[in-house]
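**Student:** Its first residue numbered 1467, the sequence shown is counted upward by one per residue in our numbering.
For every residue, glycine included, the Cβ atom is placed at its ideal position computed from N, Cα and C.
Structure below; questions to follow.
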Amino acid sequence: MSFIQRFVKAILPASTYASMEAESRSWMVICNACGTTRTLWDIGGIRGGAAGKTSTRLKCTKCAKNTWHKIKREDQPNNT
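Right, here's the structure in full:
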């Protein structure tokens, strides 16, 4: 659990934290180089009440490249 996840857990009610965790697990982080997919929660992020798609630069755990990763909701169609 990342620092931000621990911090949010400490200040929010348990029910709110649980819903934020569940929503964060539905956001997928996809490596543009190799296509590896992880949940936003697994990489230490939180995304509650968010919408749309975004990108961030991360080091991929599979290909070990520092590349752009798409962040999108799991239930959204793949409109690139």
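#1: Where does residue 1494 sit, in a helix, a strand or coil, going by DSSP?
#2: Between residue 1489 and the rest of its own chain, which residues show a CB-CB distance below 6 Å, the 5 nearest in sequence each way excluded?
#3: First and last residue of the beta strand (DSSP E) that includes residue 1472?
#4: With a CB to CB cut of under 8 Å and the five nearest residues on each side skipped, what residues in its chain are close to residue 1529?
#5: Using three-state DSSP, classify residue 1503 as helix, strand or coil.
#6: Cα separation between residue 1474 and residue 1480?
#7: Rounded to a whole number of angstroms, what is the C-alpha to C-alpha distance between residue 1493 and residue 1522?
**Tutor:** So, from the listed chains and residues:
#1: Reduced to three states, the DSSP call for residue 1494 is strand.
#2: 1514
#3: Counting along the chain, no beta strand (DSSP E) covers residue 1472; the unbroken alpha helix (DSSP H) around it starts and ends at 1469-1477.
#4: 1497, 1499, 1500 and 1502
#5: strand
#6: 10 Å
#7: 13 Å
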